[in-house]
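Sequential numbering from 1 applies to the sequence shown in the UniProt record's numbering.
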Amino acid sequence: METHRHNSLVHKQIKEIRLEEIVTMNISAIYSNDNRELTSPMEKKEKQQSKQHEYRRRRQRPQQFMDYGHTRFEWIQLIATLTVPIAIAIFTILDSVQQMNQSKNQFNVQLRIAAENRETDLHIASENRQKDLDIASENRWKDYKIALSVLLS
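Below, the structure written as structure tokens:
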């Protein structure tokens with residue numbers, strides 16, 4: 001009989017808990033010593049306020065941990081936050097300088113190749129001119145011989 005009462009009380013509590021969870025959604029379960037204790041929303045609010053107070057108390061550091069009004073953690077966080085954009089800026093600058101040097105080197109190579117091609121073209125043109133002059137000289141000499149042979153005959 002005693003267990004039946006206990007079971008019915010447990011079932012009744014479970015139904016109440018389910019109804020409260022559905023209606024308010026504010027009941028939380030806390031496990032301690034393997035027994036389930038239920039806390040009311042007011043107790044939950046008080047615990048939350050005490051946690052916030054504890055957080056504020058922990059947040060207030062002694063003066064020895066503060067430099068220029070900020071904690072060491074805040075300084076580390078600031079430095080870590082600024083490191084990424086600074087690294088990106090440095091990489092961008094170095095990359096653009098490298099590209100400028102590379103394009104300058106390519107331009108110098110192209111100028112050298114163009115100068116070599118110009119020299120080669122000038123040399124070929126002078127050889128062709130000399131050949132043309134030699135051919136013209138031979139043709140004049142042949143014409144002169146033909147003219148002499150016609151006059152003498």
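Beta carbons: idealized from backbone N, C-alpha and C, even for Gly.
Counting only the Cα atoms, K104 lies some 14 Å from D95. Straight through space, the alpha carbons of E127 and M100 are spaced by roughly 40 Å. Note on geometry: alpha-carbon atoms of M42 and Q49 lie some 11 Å from one another. With respect to H70, L78 sits close: the two C-beta atoms are nearer than 9 Å.
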